[in-house]
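Chains as they are written, first to last, in full-length UniProt numbering: chain W, 1 to 581; chain R, 1 to 523. For every residue, glycine included, the Cβ atom is placed at its ideal position computed from N, Cα and C. Below is one structure, written out as C-alpha cells; the observations come after it.
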Amino acid sequence: MVGAGGIGCELLKTLALSGFQDIHIIDMDTIEVSNLNRQFLFRQSHVGLSKARVAREAVLKFRPQISITPYHANVKDPTFNVDFFKQFNVVLNGLDNLDARRHVNRICLAADVPLVESGTTGFLGQVTVHVKGKTECYECHPKPAPKTYPVCTITSTPSKFVHCIVWAKDLLFAKLFGDKNQENDLNVHSNDAGSSSNHTEDVFIRRNDEDIEQYGRRVYDHVFGYNIEVALSNEETWKNRNRPKPIYTRDVLDNEHTRQNGNMEKNCATNDQSSMSAMAALGMKNPQDIWSLMENSRIFLEALKLFFLKREKEIGNLTFDKDDQLAVEFVTTAANIRASSFGIPLHSLFEAKGIAGNIVHAVATTNAIIAGLIVIEAIKTPLLLEINTHQAKLRDFVDKIVKAKLGMTLPLIMHGAALLYEVGDDLDEDMIANYTANLEKVLSELPSPVTGGTMLTVEDLQQELSCNINIKHREEFDEEKEPDGMLLSGWMQAPCVEDANNSNDNAGSTSKALPLEVEKNKEIETSSGHKRRLSEVSKNGSPSNAEEARNHEKLQVLDDDDDLVIVEGGDLGTNKKKRER
Amino acid sequence: MAEPRTKYDRQLRIWGEQGQAALEKASICLLNCGPTGSETLKNLVLGGVGSITVIDGSKVELGDLGNNFMVDKSSVGQSKAKCVCAFLQELNDAVKAKFIEEYPEALIETNPSFFSQFTLVVATQLVEDSMVKLDRICREANVMLIFARSYGLTGLVRISVKEHTVVESKPDHFLDDLRLNNPWLELRRLAESTDLNVSDPVAHKHIPYVFILVKMADEWAKSHGGNLPSTREEKKEFKDLIKTRMIAMDEDNYKEAIDASFKVFAPQGISADLQQVINDSCAEVDSNSSDFWIMVAALKEFIAKEGGGEAPLEGSIPDMTSSTEHYVNLQNIYFGKADADFLAIEQRVRNILKKIGRDPNSISKAIIKSFCKNARKLKVCRYRLAEEEFNSPILSELQKYLTDEDYSIAVGFYILLRAVDRFAANYNSFPGQFNGAMDEDISRLKTTAVGLLSDLGCNGSTLTEDLINEMCRFGAAELHAVAAFIGGIASQEVIKLITRQFVPMPGTFIFNGIDHKSQLLLL
Numbered sequence: 001m002v003g004a005g006g007i008g009c010e011l012l013k014t015l016a017l018s019g020f021q022d023i024h025i026i027d028m029d030t031i032e033v034s035n036l037n038r039q040f041l042f043r044q045s046h047v048g049l050s051k052a053r054v055a056r057e058a059v060l061k062f063r064p065q066i067s068i069t070p071y072h073a074n075v076k077d078p079t080f081n082v083d084f085f086k087q088f089n090v091v092l093n094g095l096d097n098l099d100a101r102r103h104v105n106r107i108c109l110a111a112d113v114p115l116v117e118s119g120t121t122g123f124l125g126q127v128t129v130h131v132k133g134k135t136e137c138y139e140c141h142p143k144p145a146p147k148t149y150p151v152c153t154i155t156s157t158p159s160k161f162v163h164c165i166v167w168a169k170d171l172l173f174a175k176l177f178g179d180k181n182q183e184n185d186l187n188v189h190s191n192d193a194g195s196s197s198n199h200t201e202d203v204f205i206r207r208n209d210e211d212i213e214q215y216g217r218r219v220y221d222h223v224f225g226y227n228i229e230v231a232l233s234n235e236e237t238w239k240n241r242n243r244p245k246p247i248y249t250r251d252v253l254d255n256e257h258t259r260q261n262g263n264m265e266k267n268c269a270t271n272d273q274s275s276m277s278a279m280a281a282l283g284m285k286n287p288q289d290i291w292s293l294m295e296n297s298r299i300f301l302e303a304l305k306l307f308f309l310k311r312e313k314e315i316g317n318l319t320f321d322k323d324d325q326l327a328v329e330f331v332t333t334a335a336n337i338r339a340s341s342f343g344i345p346l347h348s349l350f351e352a353k354g355i356a357g358n359i360v361h362a363v364a365t366t367n368a369i370i371a372g373l374i375v376i377e378a379i380k381t382p383l384l385l386e387i388n389t390h391q392a393k394l395r396d397f398v399d400k401i402v403k404a405k406l407g408m409t410l411p412l413i414m415h416g417a418a419l420l421y422e423v424g425d426d427l428d429e430d431m432i433a434n435y436t437a438n439l440e441k442v443l444s445e446l447p448s449p450v451t452g453g454t455m456l457t458v459e460d461l462q463q464e465l466s467c468n469i470n471i472k473h474r475e476e477f478d479e480e481k482e483p484d485g486m487l488l489s490g491w492m493q494a495p496c497v498e499d500a501n502n503s504n505d506n507a508g509s510t511s512k513a514l515p516l517e518v519e520k521n522k523e524i525e526t527s528s529g530h531k532r533r534l535s536e537v538s539k540n541g542s543p544s545n546a547e548e549a550r551n552h553e554k555l556q557v558l559d560d561d562d563d564l565v566i567v568e569g570g571d572l573g574t575n576k577k578k579r580e581r
Numbered sequence: 001m002a003e004p005r006t007k008y009d010r011q012l013r014i015w016g017e018q019g020q021a022a023l024e025k026a027s028i029c030l031l032n033c034g035p036t037g038s039e040t041l042k043n044l045v046l047g048g049v050g051s052i053t054v055i056d057g058s059k060v061e062l063g064d065l066g067n068n069f070m071v072d073k074s075s076v077g078q079s080k081a082k083c084v085c086a087f088l089q090e091l092n093d094a095v096k097a098k099f100i101e102e103y104p105e106a107l108i109e110t111n112p113s114f115f116s117q118f119t120l121v122v123a124t125q126l127v128e129d130s131m132v133k134l135d136r137i138c139r140e141a142n143v144m145l146i147f148a149r150s151y152g153l154t155g156l157v158r159i160s161v162k163e164h165t166v167v168e169s170k171p172d173h174f175l176d177d178l179r180l181n182n183p184w185l186e187l188r189r190l191a192e193s194t195d196l197n198v199s200d201p202v203a204h205k206h207i208p209y210v211f212i213l214v215k216m217a218d219e220w221a222k223s224h225g226g227n228l229p230s231t232r233e234e235k236k237e238f239k240d241l242i243k244t245r246m247i248a249m250d251e252d253n254y255k256e257a258i259d260a261s262f263k264v265f266a267p268q269g270i271s272a273d274l275q276q277v278i279n280d281s282c283a284e285v286d287s288n289s290s291d292f293w294i295m296v297a298a299l300k301e302f303i304a305k306e307g308g309g310e311a312p313l314e315g316s317i318p319d320m321t322s323s324t325e326h327y328v329n330l331q332n333i334y335f336g337k338a339d340a341d342f343l344a345i346e347q348r349v350r351n352i353l354k355k356i357g358r359d360p361n362s363i364s365k366a367i368i369k370s371f372c373k374n375a376r377k378l379k380v381c382r383y384r385l386a387e388e389e390f391n392s393p394i395l396s397e398l399q400k401y402l403t404d405e406d407y408s409i410a411v412g413f414y415i416l417l418r419a420v421d422r423f424a425a426n427y428n429s430f431p432g433q434f435n436g437a438m439d440e441d442i443s444r445l446k447t448t449a450v451g452l453l454s455d456l457g458c459n460g461s462t463l464t465e466d467l468i469n470e471m472c473r474f475g476a477a478e479l480h481a482v483a484a485f486i487g488g489i490a491s492q493e494v495i496k497l498i499t500r501q502f503v504p505m506p507g508t509f510i511f512n513g514i515d516h517k518s519q520l521l522l523l
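Okay, here's the thing in C-alpha cells:
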C-alpha cells in the first residue's frame with residue numbers, strides 16, 4: 001500500500017481493519033498543523049514528527065497484533081529499489097506529485113507488483129489499478145504538465161498575479177535564501193542593459209556589518225525600484241504596454257516606518273520556526289485581508305529581517321515551502337509589491353499561499369471514500385503462486401494449492417483452453433489416464449507447459465468457484481519457512497478476531513466482522529456462497545478498473561502529502577498455522 | 001491548541017469562512033456508532049462541526065474490534081457510544097462531544113421530541129420501520145436527516161429534508177457569464193472604441209477575445225439583417241471570418257475567439273432550470289417565506305424588468321490573452337454592470353420585505369450579493385418522506401431500473417436492503433446471519449423479495465439468484481472498507497447540507513461493491 005498523509009491515514013486504518021497483517025509505510029514528510037483537518041492519526045502534539053512513524057504508533061495502539069514497518073524517507077531513495085518492492089504483494093499509492101507517482105509506477109512495473117494508484121482534490125478523487133500486462137499502466141495516458149510561463153513574462157512583463165508569485169518565489173526568494181550556485185534570472189534586465197553585472201551580483205549579499213534594516217531597504221529599492229527603471233529604459237518593450245511604476249521604500253514608507261519596522265523583541269519571543277511571523281509581529285491578523293502597498297512593504301521588510309536575524313543558518317539552503325509561514329509572507333508581499341508596480345490587482349495572503357504552494361483542496365470525506373475503494377481493490381488483486389516450474393509436479397500443485405489452500409474438492413485446471421486436469425464421475429478412461437499421467441509431470445513439461453508468466457484457471461464446478469492464478473518461477477525455497485516449496489500470495493485471511501461469527505444481540509445494528517474473502521478451510525468446504533464471491537472478485541477486479549481509469553484519466557489528483565505505504569497481503573505464516581490445525 | 005485557520009486551511013479553500021462557520025454552529029446527532037456511523041462522524045469531527053451526540057445502546061464486543069477502529073481491546077464490555085465518543089473527542093478538541101447510552105429505536109419510540117434540538121441527524125444501520133418513524137419526527141421538527149447503511153458489499157445513503165435551497169451550488173462546469181450573446185450598451189461601446197485593425201503586431205495579439213467577438217458579432221448582424229449566426233453553416237462561416245482577421249499564426253487571442261465563438265451563438269435569456277425556480281409557487285412570497293424565496297421573488301421581477309430577460313451579471317471574467325490595460329478595463333466594466341444589477345435586486349428585495357411586513361434590512365448586503373453572483377446556478381432540492389417512497393415509489397422509474405441492465409444490480413440491492421428488514425421482522429435475524437441455515441434463508445429471502453416487489457406493483461419482476469445468494473452471504477455484516485466508503489459519502493452530504501454549498505444528491509445512493517459502481521435511484 002502507499003501513503004501516510006491524507007489518503008494514507010485512512011488507508012492504514014482501513015487495511016488494518018480489513019485483515020492485512022504486514023504493512024510497510026514510506027513517507028518523507030513530517031506532520032504540519034494543516035494536516036490535522038483530515039489526517040486523523042495525528043494530533044497537535046505530533047507536529048514536526050515523522051508521519052510514517054506516528055501513523056504506525058497510532059494504529060498499533062489500537063491493533064497491536066499487526067506488523068507495521070515505517071520508513072521516514074523519500075520513496076525515490078535508492079534503498080527502495082526493484083528488489084525492495086519485489087517483497088510486496090501489492091503497492092498502494094497515496095502520493096501528492098506526478099514525479100513520485102511515475103517513479104513508483106515504473107518500479108512496480110519492473111518488480112511486477114500490482115499498483116493501486118489514487119488521489120483526491122477537494123470533493124474529487126480517483127482510484128486506478130495497474131497490473132503489468134493486464135491493465136494499462138499509470139503512464140499510458142499522458143498527464144497534464146504543470147503550467148509554466150515564459151521567462152520574459154516572469155522577469156519583465158507580468159500581466160497576471162500568478163506571474164508575480166512565480167517571480168517572488170522562484171526568483172527573488174531563491175536568490176536571497178536559496179542555493180547561491182543556482183542559475184537565477186532575477187537580474188535579466190540589468191544584464192541586458194549592459195550595466196555592470198558585478199554591481200548587481202553584489203546587491204543581494206549583505207555587506208559586513210551592514211545594518212539589517214538598511215540591507216532590507218537596499219534589496220527592496222533594487223528589485224522594486226532600480227530593476228524596474230532599468231526595464232523601463234528599454235522603450236521597445238513598453239510601446240504597447242502599460243509602463244510599470246518603480247517603487248522605492250522612501251515612497252511607500254513614512255520616516256517613522258523607514259526607521260523602525262516592527263518590534264521584534266516584543267512580538268517575536270518565540271524561536272519556533274513554524275509560528276514565526278512577520279505579519280503577527282506587525283499586528284496583522286487576518287490572512288484573508290488584502291493589504292495595502294505600505295502594509296505589504298512593511299511585512300516584506302520584516303520578513304526579510306526575521307530570516308536574517310532568526311534563521312540565518314538556513315539561508316543558502318531554503319526552498320519555498322507552503323507550510324513555512326515566514327516564506328509565505330515574504331512571497332505574498334513581494335508579489336503584491338511587484339503587482340502594484342505593474343497595475344495588477346493585489347491578493348490576500350490566503351489566496352497567494354494557494355497559488356504559490358499549488359495548494360490542493362483537501363478534506364477528510366473524500367480521503368475516506370478513496371481509501372475505502374483502494375482497500376477493496378487491493379483485496380481484489382489476483383493470486384500469485386511462486387513455484388519451481390522445473391521441479392514441482394502438477395500433483396504438488398493440486399495437493400498443496402488447489403486442495404489444501406483453495407479448498408477445492410472436484411477441481412478442473414486449465415491453461416488457456418487446454419485442460420490439464422479434471423476430476424469427475426463422467427470422465428472416460430482415456431481422459432482419466434491422461435490426467436493421471438499429467439499429475440506426475442513437472443509443470444514445465446506438461447503438454448501445455450506451465451512456466452513463469454503463465455496464468456492458470458482453477459475451477460470447481462460443484463462449488464461454483466473459479467479463480468485465476470499467476471505463476472511465477474522461482475528456483476529456491478527456504479525449507480523451514482516454505483516447506484511446501486511454493487508460495488501462494490494474495491490469499492486473504494479473515495481478520496484475527498476471536499470467533500467473529502458470534503451473533504450480535506443488537507440485530508438492528510449488526511456489526512459482525514465478515515470474513516471478506518475465504519476463511520478457514522472448513523468453511524470453504526461447507527458454504528459455497530463464499531466461493532462465488534471470490535470468482536467474481538478475480539474476474540471483475542482489474543478489467544472494470546482499467547475501464548474506470550480510462551473514464552477518469554483527465555483528472556490529475558493529489559492530496560498534499562508525500563508518502564508511500566506498502567503492504568504485504570494476508571500473513572502467510574498465520575495462513576499456514578490455520579491450515580495445519 | 002492549533003490555530004484553527006491553519007488547521008482548516010485546506011478545507012477553507014473548498015467551502016470558505018462562511019461554510020466553516022456554518023459547520024462550527026451545527027449540532028449533529030448520530031444514531032448507532034458501528035463502523036458506518038463512527039466513520040461518518042470522524043470525518044465531520046475532523047472538519048470541525050460544532051457538537052456531536054453519539055447514541056448507541058450496545059456494549060463493545062470482540063467482534064467490533066474487527067471492523068471499528070474507534071474501539072480497542074480495553075473497551076470490550078463498555079458502552080460503545082462512550083468509547084467512540086472518547087475517540088472522536090481526541091480528534092478535535094474544538095468539538096463538543098457527548099454520548100447517550102441508549103438504543104436509537106427506543107429513543108424514537110419514547111422520546112421523539114429529543115431530536116428537535118439538532119441541526120442534523122445521521123441515522124445509520126436502522127431498519128425500515130425505525131427509518132419511517134424517525135423520518136416523520138425529523139420532518140415535523142424541521143431537522144435535516146440522512147440515512148446511511150452498510151450491508152456486506154452494498155450500502156445506501158439517502159437524504160430526507162423537506163426543502164433544501166442552494167445559492168452556492170458550485171457546479172463543476174459552468175459557462176462563464178460574458179453576455180457575448182447579448183452584450184449591454186457599455187460593453188458594446190468599449191468594444192467599439194478598440195481598433196481591431198491596429199497595425200502594431202504586439203498590440204494586435206493582445207486584444208482580448210471579448211472585444212473581437214463583440215465587434216465581429218455586430219459586424220455580422222449588420223450584414224445579416226440584425227441576426228446572429230444560427231445555422232451550422234453560418235456558425236462555421238463566422239469562425240472562418242474571425243480566422244481571416246489574424247495577422248500572424250501565433251495569435252492566441254484569435255484562437256481563443258474562435259474557440260469561444262459558441263458563446264455568441266448561445267440562446268439569450270435564462271436557463272430552463274432557472275425558469276423552473278422562478279416559476280415555483282414558493283416565489284409568491286408572504287411573511288412566512290424564507291430569505292431564499294424572497295430573493296427569488298426579487299430576481300423574478302428583475303428578469304422581467306431591468307434584466308430584460310437576463311439574470312444579473314456575475315461580474316467576473318475568465319483568464320484570457322490580453323494586455324494588462326485591456327484586461328483591467330474589461331474587469332471594471334463587468335464589475336460595474338454586476339454592481340448595478342446587484343443594486344437593482346437589492347432595492348427589490350428591500351421593497352418586498354417591506355411589503356410582507358418584515359424589516360427591509362433583515363437580509364444583509366453580502367447575502368444579496370452572493371445571491372446575485374450565483375443567480376444562474378440556484379438549486380432547489382426536495383425529498384419525499386421515506387414512507388411515501390417505500391409505499392409508493394415512482395412506479396415507472398422503478399420498472400425502468402428493473403429492466404435496465406445498467407441499473408439492475410443497484411435496484412436489486414435497493415429491493416433486497418428492504419427485503420432483509422422484512423425478513424428480520426419475520427424471522428428475528430438477518431438472512432445468512434447464522435451458520436447452517438443458508439439454503440433456507442436464501443429461499444426465504446427470495447420469497448420476501450418477490451412479495452415486496454409485488455406489493456410495490458411490480459408483479460412478475462424477479463431478482464437474479466446470484467444477487468439473492470450474495471445478499472444472504474453478506475449475513476448483515478458491516479465491513480470496514482465499505483463502511484469507510486459509505487461513511488465518507490454520508491459525511492460529504494452532511495457537509496453540503498450544513499454549509500448550503502454544492503448540490504446534495506437527489507435520490508437514494510446505492511453502492512455496489514461487487515462491480516465498484518455507485519448509482520442514484522430517484523424513486
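Beta strand (DSSP E) segment containing residue i, residue limits
i	result
Ile-26/W	22-27
Ala-148/R	144-151
Residue-chain proximity (residue i, chain W), Cβ-Cβ < 9 Å
i	result
Glu-256/R	no
Phe-502/R	yes
Glu-284/R	no
Met-1/R	In this predicted model, Met-1/R has a pLDDT of only 41, less than 50, meaning its place in the structure is not dependable enough to derive any value.
Thr-447/R	no
Candidates the options: closest to residue i by CA position
i	options	result
Ala-334/W	Asp-96/W, Leu-172/W and Pro-78/W	Leu-172/W
Tyr-427/R	Leu-416/R, Asn-435/R and Asp-441/R	Asp-441/R
Arg-5/R	Ser-18/W, His-163/W, Asn-37/W and Thr-30/W	Asn-37/W
Phe-161/W	Gly-94/W, Lys-305/W and Pro-345/W	Pro-345/W
Glu-310/R	Pro-267/R, Glu-397/R, Asp-291/R and Glu-478/R	Pro-267/R
Gly-416/W	Thr-454/W, Val-223/W, Phe-397/W and Glu-10/W	Thr-454/W
Glu-476/W	Leu-326/W, Ala-392/W, Lys-132/W and Lys-285/W	Ala-392/W
9 Å Cβ cutoff, residue i in contact with chain R
i	result
Ile-7/W	no
Gln-288/W	yes
Ser-34/W	yes
Gly-354/W	yes
Phe-330/W	no
Contacting residues, own chain, Cβ-Cβ under 6 Å from residue i (five flanking each side not counted)
i	result
Lys-172/R	For the record, residue 172/R in the displayed sequence is Asp; it is not Lys. So the list is empty, once near-sequence residues are dropped.
Close-in-space but distant-in-sequence residues of the same chain around residue i (CB under 8 Å, 5 per side omitted)
i	result
Met-431/W	Glu-422
Partner residues on chain B for residue i, Cβ-Cβ distance less than 8 Å
i	result
Thr-366/W	Among the protein chains in the structure shown, which are W and R, there is no chain B.
Members of the stretch 197-229 of chain R near chain W, C-beta cut-off 8 Å: Asp-200, Val-202, Ala-203 and His-206
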